Each structure stands twice: as structure tokens, then as C-alpha cells.
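**Student:** Mind looking over this structure? Questions follow.
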Amino acid sequence: MEKIKVGIVGIGWWSDVLAAVIEKSDQMELGAGYSRSADKTDAFAERFQCEAAPSYEAMLAMEDLDGIILTTPNSAHRQGAEAALAAGKHVFVEKPISNTLEDGRAMIAAADAAGKILAVGHSYRRHGALRHLRRLIDAGELGRVSLAEGVFSNDNGLNLEEGVWRTDGSEIPGGCLMQIGIHQIDNLLYLMGPVSDVTAYFARLETKPDIEDVTTLLMRFTSGAIGYVAADYISPRRFTLALHGTKANAYFDMDNDGLRLQRTGETKPSPEEFEPEDHLTSEMEDFAAAIRDGAAPEIDGRQAMVPLAIVLAAKRSSKEGRSIALSEFLPDA
1 MEKIKVGIVG IGWWSDVLAA VIEKSDQMEL GAGYSRSADK TDAFAERFQC EAAPSYEAML
61 AMEDLDGIIL TTPNSAHRQG AEAALAAGKH VFVEKPISNT LEDGRAMIAA ADAAGKILAV
121 GHSYRRHGAL RHLRRLIDAG ELGRVSLAEG VFSNDNGLNL EEGVWRTDGS EIPGGCLMQI
181 GIHQIDNLLY LMGPVSDVTA YFARLETKPD IEDVTTLLMR FTSGAIGYVA ADYISPRRFT
241 LALHGTKANA YFDMDNDGLR LQRTGETKPS PEEFEPEDHL TSEMEDFAAA IRDGAAPEID
301 GRQAMVPLAI VLAAKRSSKE GRSIALSEFL PDA
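The end of the sequence shown is residue 333 by the working numbering, with every number in the run present.
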């Protein structure tokens, strides 16, 4: 099988994470890296044994590159994606697809016009535990799921200093919900289906930069079930998910207890085995397979618009003190 060759744009800690995943893959090859900082580009190229592109234009001119991976700031996603698509490259962009629905729609239109793939990095739904939960739901093992909860916290907000894009409210509208809570939004969409409306509260309690560091979000699904997402930038790391069903409750703690199920009649949950799946490897190789086979990626641009719209609707809810129908942002929702 011929490897799919990609270039990474936007050198930083996350580009290194994805580059390490690609390095271990038997389906992909890292061909080049680029950052506006020549020193960062050179260091990245040396570490991962790829070409140091002198400019983005030079990278896009590399005929042997099949795709471009964008790990740039959110506000740069549209410009980077449009240029790559116009150059005939497939594009993978980290979540969120963009900061605005306008930019997201433009990226989708550019991909359609070019006949190229636009994939978006909502990866946690690919975790083995989430895949197992989806199978349990489909098999009716949990019964009717009435309530879903997702929490994602870390204390990165306590160390944020002015001057970088992650501390700029215009760069990350929605603060911690846009940057980390959106993962749990996508997880609940994957497990529970479409959302009709949202209610949310945002607060800034501890961060020095003017970004929201605590958020609670209620989502009403079209099924009638209720979902709850909490995102927090000022407390120790926690990534948990819970589903409450008429036949069983499921609890997932990514960093501690794994996956547990409490079935009807049981007084406490028991460990539940599941097939391991590395969510980042799955995400990268799904992009490669889409390029190779001409198939749609699991998360394309249109699907990625939904979690973005939910974050923007949550912002409006908190500001205006009312529930917001998702159709205010996505008329077809």
C-alpha cells in the first residue's frame, strides 16, 4: 500500500503530537513542515526527518504532497484551507473547523469546488470506549438513554499569559467551551444524535486574559433526551462521560477508572471491557483512507459545523439569558 504523504502547517505542541502519530503509521508519511518561524520549521524538520518548507506557498507547490494538516490558530483555518484546496491538496484541519459559521461555509464551498476532502479533527469519538458505548446503544443494552453528561477540565487557564492566540477572546470565542468542551459536545452528538436547543452559562473567574474559564451547557436532543457538558480551564484535568439509560448506566473516566456499567438491579458499576482504539491514529488514518479511496471522512466540514454552531448558540444563550434553538444558527438543524 502506497503511503499518503502530508505536510503539517502551524508548528507547536499539537503538530508534534500528530507528527508522532504519522511517524508510526504504515499508511501515512510526513513530507514537510512549515511555520512562520524558520527556527521552529527547521527544528520540526530535523526531529521528524521531513522537508523544511521555506513558505506555505512552497509547501503547496510540492507535487508529492497529497494533503495538508492545519494545526494553526482557529482564525487562520479558512485562509490556510482555501489556499491548500485551490492548490489541489486535501485538507485536515483541527477542531473547531473555524471561529465563525461564515468561514466554515467558505471552507466547505472551497472543498466542493476543488473536489477535495475537508476533514476536521473531532477525535475523541474514536476512542475505544466511545465506540463501545455506541455499539451498546445500538444493541439496546442501555435501554432508552435519557441523560448524557460530559466533563472536560484542565488547569491550563491558570498559566495563560497575554500575547498568544489562546489568550485572545476574539481568537477563541467561547473560551474553554470552544477549545476543550467542544470535544464533549461532539461526543454527545455521536452518542445521542441531533440537538434542538441549548441553554448555557459562561463565567470568567481566574484567568488573567479575558476569556471564559468555566462553562455549563444544557442540550436538548431531538429524541427528547437531555445532555449536559461542563468545561473548565482552572481545575485539574478530568475527562469523564456518563450515560443514564432505562436498562443501564455507563460511566467513562479516560484517565482513571476506564469504562464501567451499572445494570438494572445492580448496586454499583462493574468494569466493562472494550476493544482499544487510539483515537488520534484512527483520525489520521481515516484521513489517509479518504484520500486513497475517494470516500468521505467520518467528520467532514458539514458535520463539523454542528458543534461549532452549538458553541456559538451557547454564547448567545449566556449573553441573552434564554434558550437558543440551534436553527437560529443552522437553519436546517
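Yeah, the Cβ is synthetic: ideal placement off N, Cα and C, and Gly gets one too.
All values reported here derive from a predicted model rather than from experimental measurement.
To the nearest angstrom, report how far apart ALA76 and GLY227 are at their CA atoms.
**Tutor:** For this step, residue 76 is matched to residue 76 along the sequence shown. For this step, residue 227 is matched to residue 227 along the sequence shown. In a straight line, the C-alpha of ALA76 is about 31 angstroms away from that of GLY227.
**Student:** Alpha helix (DSSP H) containing GLU94: first to last residue?
**Tutor:** Counting from one through the sequence shown, the residue named residue 94 turns up at place 94. No alpha helix (DSSP H) contains GLU94, which is instead part of the beta strand (DSSP E) from 90-94.
**Student:** Figure out for me which residue from LYS208, SER223, ASP39 has the closest Cα to the Cα of VAL145.
**Tutor:** The sequence position of residue 145 within the sequence shown is 145, counting from 1. That would be SER223, whose Cα lies nearest to the Cα of VAL145.
**Student:** Figure out for me which residue from ILE11, PRO54, ILE68 has the closest Cα to the Cα of PHE48.
**Tutor:** Taking the sequence shown and counting its residues from 1, the one referred to as residue 48 is at position 48. The residue with the shortest Cα to Cα distance from PHE48 is ILE11.
**Student:** Hey, could you find the ends of the beta strand (DSSP E) TYR190 is sitting in?
**Tutor:** Counted from its first residue, the sequence shown places residue 190 at position 190. No beta strand (DSSP E) contains TYR190, which is instead part of the alpha helix (DSSP H) from 182-192.
**Student:** What is the DSSP secondary structure of GLN49, reduced to helix, strand or coil?
**Tutor:** Locating residue 49 in the sequence shown gives position 49, counting from the first residue. Correct three-state label for GLN49: coil.
**Student:** With 16 other CB atoms within 10 Å as the buried threshold, where does GLU273 fall?
**Tutor:** For the purposes of this step, residue 273 is identified with residue 273 of the sequence shown, where counting begins at 1. It is exposed - the Cβ of GLU273 has fewer than 16 other Cβ atoms within 10 Å.
**Student:** Is the beta carbon of VAL350 less than 8 angstroms from the beta carbon of GLY31?
**Tutor:** Since the first and last residues shown for the chain are 1 and 333, residue 350 lies out of range.
**Student:** Indicate the three-state DSSP secondary structure (helix, strand or coil) for ASN156 in the structure shown.
**Tutor:** Within the sequence shown, residue 156 is the residue found at index 156, counting from 1. Reduced to three states, the DSSP call for ASN156 is helix.
**Student:** What does DSSP give as the partner residue(s) for ASP300 in the beta ladder?
**Tutor:** Along the sequence shown, read from residue 1 onward, the residue named residue 300 stands at position 300. In the DSSP output, where bridge partners are listed per residue, ASP300 has ALA119.
**Student:** From ARG131 to HIS90, what does the alpha carbon distance come to, in whole angstroms?
**Tutor:** If you number the sequence shown from 1, residue 131 lands on position 131. If you number the sequence shown from 1, residue 90 lands on position 90. Going by the C-alpha atoms only, they are around 26 angstroms apart.
**Student:** For the alpha helix (DSSP H) that contains ARG131, what are its first and last residues?
**Tutor:** Taking the sequence shown and counting its residues from 1, one reaches residue 131 at position 131. From DSSP, the alpha helix (DSSP H) with ARG131 extends over 128-138.
**Student:** Are there three or more Cβ pairs, one per stretch, closer than 8 angstroms when the segment 113-123 is compared with the segment 196-215?
**Tutor:** As far as the Cβ criterion goes, the segment 113-123 does not touch the segment 196-215, which means the pair count is below three.
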